[in-house]
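Down below is the structure, laid out as structure tokens.
There are 2 protein chains.
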Amino acid sequence: MTKQLLQEKYNHILDEKLIKEIFEIGTFKTFKKDDIIIDINQPLQHIPLLLTGHIKILREDNEGNELLIYFLEAGETCTMSLTCCLGTTKSKIRAVAEEDSSLVMIPVENMQKWFNNNDSWRNFILEAYQTRFDEMLETIDNLAFMKMDERLYKYLYNKTILHNSKIIIVKHQDIAIDLHTSRVVISRLLKQLENKNKIKLSRNKIEVF
Amino acid sequence: MTKQLLQEKYNHILDEKLIKEIFEIGTFKTFKKDDIIIDINQPLQHIPLLLTGHIKILREDNEGNELLIYFLEAGETCTMSLTCCLGTTKSKIRAVAEEDSSLVMIPVENMQKWFNNNDSWRNFILEAYQTRFDEMLETIDNLAFMKMDERLYKYLYNKTILHNSKIIIVKHQDIAIDLHTSRVVISRLLKQLENKNKIKLSRNKIEVF
DNA sequence: ACCTTTAAGTAACATTTATCACAAATACAA
DNA sequence: TTGTATTTGTGATAAATGTTACTTAAAGGT
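Protein sequence lines correspond, in order, to chains A and B.
When the first sequence is numbered by full-length UniProt numbering, its final residue is 209 and no position is left out of the sequence of numbers.
When the second sequence is numbered by full-length UniProt numbering, its final residue is 209 and no position is left out of the sequence of numbers.
Written out as structure tokens, the structure reads:
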């Protein structure tokens, strides 16, 4: 089952042999919605390959502030983990299951080995870096150039894409945390969006038009 | 002369043979302060290795908004260029000489080739990604968690480090552009910082304590 | 020394975001 | 159904940032 998932999600980028090796070496794990998958202070010993579900990657600073950076989907890996694995970084990031998810954990040693002797892995990592890079840039754009109401709408819109549904199940408080603002601000802006007929509000639920 | 510089700045990470090859293949270029080094819309054909000076990397959106992301120093390369070279990215970034600078431009093909057959180059690229990644995260922190006065002081402080001098030569307007705010706001906050004895203001010049 | 240009200071006001306090609405359990 | 906990709505107010318009100061050229 896991093997089939691995095949399905990764055979467009990783070669047969490597997938087989990953299956043999990797540890399969499952997480429920809102489970914390990674919470980093010290270097990681494993990097995750996402098989099913979605994961959100959050930034966290020393004062406990938090901000959503981006989402991971099946077939992707978290470059942050790479950085943390390989690195000297002191970055604090957190990975939380956006919904029930499963993944394969790979020991750092292999990641290093494959990087030197497997073309498809090298490509995979490079592509991952590029994708994440672009997403970080977009996060920077959002923060630097957009007002909160725009950021909010974009956040909602992205969620509809991610979950493939116009209806989002979420509390205002949770949105506030992801966007690093307060619940009151979010409620207010949501109400404005509703008045502009861009969304429809219910308790624990938002419909995005 | 270029060869010596290359040696000096890159021999801690790239092997002898590769440095020789870079010297033979690369194009040496010099830039004056404030020269635009890269202005991206379409994919790049070369990636730069910085030899002397400093370069600032800016983000630019469609409406002409701008934001300083980070500085590059000698011995570094711009991962953005990699992304742009290899990629599908539609990112707009700009690289501007923070002071007189020199660099070597390397054709993409080589970058690709070396990535597959030279360990030191692979390492170099990987390290570059990691360093930039961390800096992007820091940029995100700044934007998400810090108020403008803190961002301003950090900006000034970073400049003193970069130029190795307590005295910075800048105009308020330039700072405003880098931090994506208005000149008036910067002037006001600078005055506050001065009142708190953290800096001393003169025309075109700021002393940071 | 005078004029011109550029940079910086500042007051007044607008907008955006943050914060507090509490009321209203909804869901959920007993 | 009733009571309780949770979520959402909203007014009042503060703080941070943005904007406009104008003044003052400094630098540089003639």
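Backbone N, C-alpha and C define an ideal beta-carbon position, used for all residues, glycine too.
Small disclaimer: the values here were computed from a predicted structure and weren't measured.
If residue i sits next to residue j, beta carbons under 8 Å apart, how far is it from one beta carbon to the other, in whole angstroms?
i: S120 of chain B; j: D35 of chain B; result: At roughly 30 Å, the Cβ-Cβ gap does not stay under 8 Å, so S120 of chain B and D35 of chain B are not in contact.
i: H46 of chain A; j: V108 of chain A; result: 7 Å
i: S102 of chain B; j: I38 of chain B; result: Actually they do not touch by this definition, with Cβ atoms about 15 Å apart.
i: I69 of chain A; j: T139 of chain A; result: 5 Å
i: L51 of chain A; j: V104 of chain A; result: 6 Å
i: I177 of chain A; j: E66 of chain A; result: 6 Å
Might you give, ordered along the chain, the residues of its own chain that have their beta carbon closer than 7 Å to the beta carbon of residue i, omitting 5 neighbours on each side?
i: Y153 of chain B; result: L193 and K198
i: S187 of chain A; result: H172
i: F23 of chain B; result: T2, K3 and L6
Spatial neighbours of residue i within its chain, please: CB distance less than 6 Å, with the 5 preceding and 5 following residues excluded, ordered by chain position.
i: N118 of chain B; result: L18
i: A128 of chain A; result: T77 and T79
i: E135 of chain B; result: Y70
i: T31 of chain A; result: Here the sequence assigns Phe to residue 31 of chain A, which means Thr is not the residue at that position. Result list for F31 of chain A: I37, A97 and S101, in chain order.
In whole angstroms, give me the CA-to-CA distance for residue i and residue j.
i: E150 of chain A; j: H180 of chain B; result: 17 Å
i: D141 of chain A; j: R59 of chain B; result: 8 Å
i: N204 of chain A; j: K33 of chain A; result: 16 Å
i: L156 of chain A; j: W114 of chain B; result: 42 Å
i: E21 of chain B; j: Q4 of chain B; result: 13 Å
i: F145 of chain B; j: T2 of chain B; result: 42 Å
i: H163 of chain B; j: N116 of chain A; result: 38 Å
i: R132 of chain B; j: S202 of chain A; result: 42 Å
i: L49 of chain B; j: M111 of chain B; result: 11 Å
i: F124 of chain A; j: I57 of chain B; result: 26 Å
i: S165 of chain B; j: N62 of chain B; result: 35 Å
i: E207 of chain B; j: I175 of chain A; result: 42 Å
i: I13 of chain B; j: Q130 of chain B; result: 15 Å
i: H54 of chain A; j: R183 of chain B; result: 42 Å
i: Y10 of chain B; j: L143 of chain A; result: 35 Å
i: R122 of chain A; j: I106 of chain B; result: 21 Å
i: E99 of chain B; j: I40 of chain A; result: 37 Å
i: L137 of chain A; j: L137 of chain B; result: 10 Å
i: L126 of chain A; j: G64 of chain B; result: 30 Å
If you drop the 5 nearest sequence neighbours on each side, which residues of the same chain put their C-beta closer than 8 Å to that of residue i?
i: M148 of chain B; result: L179, T181, V185 and L189
State whether the region 163-180 of chain B contacts the region 91-99 of chain A, with contact taken as three or more CB pairs (one from each stretch) at a distance under 8 Å.
The region 163-180 of chain B vs the region 91-99 of chain A: no contact.
Could you tell me which whole beta strand (DSSP E) segments of length 3 or greater appear in the UniProt domain "Cyclic nucleotide-binding" (29-117) of chain A?
Taking only runs of at least 3 residues, the beta strand (DSSP E) segments lying wholly in the UniProt domain "Cyclic nucleotide-binding" (29-117) of chain A are 36-39, 46-52, 54-60, 66-73, 93-97 and 101-107.
Length at least 3, wholly inside the region 117-182 of chain A: the beta strand (DSSP E) runs in chain order
167-169
Three CB pairs or more closer than 8 Å across the region 23-32 of chain B and the region 67-76 of chain B
no
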